[in-house]
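> UniProt numbering numbers the first residue of the sequence shown as 1 and each following residue consecutively. Where a beta carbon is used, it is the ideal one built from N, C-alpha and C, also for glycine. Mind having a look at this structure? Questions to follow.
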Amino acid sequence: MNVYDSERIGELLEASDMVAAKTSEDADVVILNTCHIREKAAEKVYSDIGRLKASKRKSGVKPVIVVAGCVAQAEGAEIARRAPTVDVVVGPQAYHRLPALLAAAQGGKAAVDTDMPLDPKFDALPARRRAVPPSAFLTVQEGCDKFCTFCVVPYTRGAEVSRPVADLIAEARSLVASGAREIVLLGQNVNAFHGTGGTGNAITLAGLIRELAALPGLARLRYMTSHPRDMDDALIAAHAEVPELMPYLHLPVQSGSTRILKAMNRAHTVDSYLATLDRLRAVRPDIALSGDFIVGFPGETDQDFADTVALVKRVGYAQAYSFKYSPRAGTPAATMENQVPEAVMEARLAELQEAISAGALAFNRASVGKQVDVLLERKGRRPGQLIGKSPWLQSVHVAAGDAVIGDIVRVELRDAQPNSLEGVVLAHARAA
Ligand code: 5AD
Ligand code: SF4
């Protein structure tokens, strides 16, 4: 979502007569769009500020430094106290006010805006999108009301809010007109999306997917991140019935121990999660799954962790992300007893990551020999090579021939690694 927000900030500033600089050394204004989810991400902003301060600049003039995003939201004016070179601090729900904040900061005192205004920021952003990649992001929902005990998102991004359907369709049209073949619908809890459809009817994410799938020129849809509790029947049915909806689902479970899930306030159990996967696989047997895992949540025992590894092996994730638990100030878990020692977390993370990569390699190997559609998204390292995505979000490297970025080509998969596959474009099979 920060990638999407950064793009929108770029568009907003271009509309205020600024142009993107090639490097941060050339820039008069540098914006750090930050993440607060784990301590490591949050601390990075201070090392980046230090690096900017020390960097040799052609102009010799210090750039205006803006800290945006969730670290800005969480720490507010404290950032400018700790790093006095910072000129503007702006939270993720207020960045549409950046032009005014940049003007205000010229007085020398840092301008801070961590409001969560009711006037929707999206209305204040330019309607016209810049050139977009073949796979483009579209934020449809922001914020979270789930309050998992480890997580800062409900505090930094605020309450769950869905954008109006008509605005989303207009933005999707604009993305397609600017070159997108695939749209990835984004939200902290994207499957909690709700709105009003074309005939005044109430719709959920499934309804939005069906409306967007009808847009001419849009070949693929994806969505993330979903919460297991909000996988409703309509969304599962969409996976069976909407050909544009790709057979891939990022559905974080966090732990394979129901005891730990309870302490995390996840509002689902391991069994209810597995039952959801069964419902999905019943209608879409080839669906690929991805997840997020936290190791070392307070009170996690060897047995709880073993249950997580067992769950990873049982589900057979196509890919998954795993993190050491990071205590975040203000969240209930940060003050829980039985915090797990760093060395234990390290060892558990290494073991879990091994199980995840073994699963990813097995998933990719099982694809070798298949013919799949690949959306070509970027250049590879070798001359003439392009890299694209299969329906199951696998990175596929091909010798592109006359195919170009943005084409969807039919590819035979020949070789697999844990994070990518090699394939051969089949003659005269361009699907675009
Ligand atoms: N510590 C470690 N990982 C976290 N996540 C969220 N909060 C924390 C935390 N305090 C992980 C979760 C979530 C992903 C985006 O980040 O797995 O799904
Ligand atoms: Fe954080 Fe996701 Fe839980 Fe919301 S549902 S509190 S974003 S982990």
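Under 6 angstroms from any heavy atom of the ligand NAP, does the C-beta of residue 35 make it?
For the ligand NAP, the structure offers nothing, since it holds only the ligand 5AD and the ligand SF4.
> Suppose you measure from the CA of residue 24 to the CA of residue 52; what does that come to, to the nearest Å?
Their Cα atoms are separated by approximately 8 angstroms.
> When you measure from the CB of residue 109 to every non-hydrogen atom of the ligand SF4, does any distance come out below 6 angstroms?
no
> Rounding to the nearest angstrom, what Cα-Cα distance links residue 19 and residue 12 in this structure?
Computed Cα separation, rounded: 10 angstroms.
> So, with DSSP's three-state summary, where would you put residue 239?
Helix.
> Residue 271 lies in the alpha helix (DSSP H); which residues open and close that run?
270-283
> Mark residue 298 as exposed unless 16 or more other C-beta atoms lie within 10 angstroms of its C-beta, in which case mark it buried.
buried
> What are the boundary residues of the beta strand (DSSP E) that includes residue 410?
408-416
> Would you say residue 4 touches the ligand 5AD, meaning its beta carbon is less than 6 angstroms from a heavy atom?
no
> Contact between the segment 367-384 and the segment 392-408: three or more CB pairs below 8 angstroms?
yes
> Can you look up residue 116 in the DSSP assignment and give me helix, strand or coil?
When DSSP states are grouped into helix, strand and coil, residue 116 belongs to the coil group.
> Would you list the residues sitting across from residue 433 in a DSSP beta bridge?
Residue 433 lies beyond the stretch modelled for the chain, which goes from 1 to 432, so this question has no answer here.
> In three-state DSSP terms, what is residue 359?
helix
> Could you give the first and the last residue of the continuous beta strand (DSSP E) run that contains residue 377?
371-379
> Please indicate yes or no: does the CB of residue 295 lie closer than 6 angstroms to some heavy atom of the ligand SF4?
no
> Residue range of the beta strand (DSSP E) that residue 110 falls in?
Residue 110 -> no beta strand (DSSP E), and no H or E assigned at all.
> In terms of DSSP beta bridges, what is residue 424 paired with?
412
> Could you give the DSSP three-state label for residue 136: helix, strand or coil?
strand
> According to the neighbour-count rule (16 or more other Cβ atoms, all chains shown, within 10 Å of its Cβ), is residue 3 buried or exposed?
exposed
> Pull up the DSSP beta-bridge partners for residue 34, would you.
According to DSSP, which records beta bridges pairwise, residue 34 is partnered with 69.
> Taking the Cβ atom as the reference point for each residue, do residue 70 and residue 36 lie within a distance shorter than 7 angstroms?
Yes, Cβ-Cβ distance for residue 70 and residue 36 is below 7 angstroms.
> Which first and last residues belong to the alpha helix (DSSP H) in which residue 395 is found?
No alpha helix (DSSP H) contains residue 395, which is instead part of the beta strand (DSSP E) from 395-399.
> Three Cβ pairs or more, each shorter than 8 angstroms: is that satisfied between the segment 255-273 and the segment 337-345?
The segment 255-273 makes no contact with the segment 337-345: fewer than 3 CB pairs, one atom from each, lie closer than 8 angstroms.
> Please report the straight-line C-alpha distance between residue 278 and residue 319, rounded to a whole angstrom.
18 angstroms
> Using 8 angstroms for Cβ pairs, my map puts residue 167 next to residue 122. What's the rounded Cβ distance?
6 angstroms
> Looking at C-alpha atoms only, which residue of 59, 65, 93 is the closest neighbour of residue 50?
65
> Roughly how many angstroms lie between the CA atoms of residue 351 and residue 391, to the nearest whole one?
29 angstroms
> Determine which residues share a DSSP beta bridge with residue 254 and list them.
293
> Could you check what DSSP says for residue 222 in three-state terms: helix, strand or coil?
strand
> The alpha helix (DSSP H) spanning residue 303 covers which residue range?
302-315
> Just verifying my parser: in three-state terms, what is the DSSP assignment at residue 23?
coil
> Which two residues bound the contiguous alpha helix (DSSP H) that contains residue 335?
Here residue 335 belongs to no alpha helix (DSSP H), and DSSP marks it neither H nor E.
> Specify, as a first and last residue, the run of the alpha helix (DSSP H) that residue 50 falls within.
39-54
> Counting along the chain, where does the beta strand (DSSP E) carrying residue 149 start and finish?
No beta strand (DSSP E) holds residue 149; DSSP gives it neither H nor E.
> Would you kindly work out how many angstroms separate the C-alpha atoms of residue 447 and residue 169, rounded to a whole number?
Since the displayed the chain opens at 1 and closes at 432, residue 447 lies outside it and no answer follows.
> Count the CB pairs spanning the segment 253-260 and the segment 211-226 that are closer than 8 angstroms, and state whether there are at least three.
no
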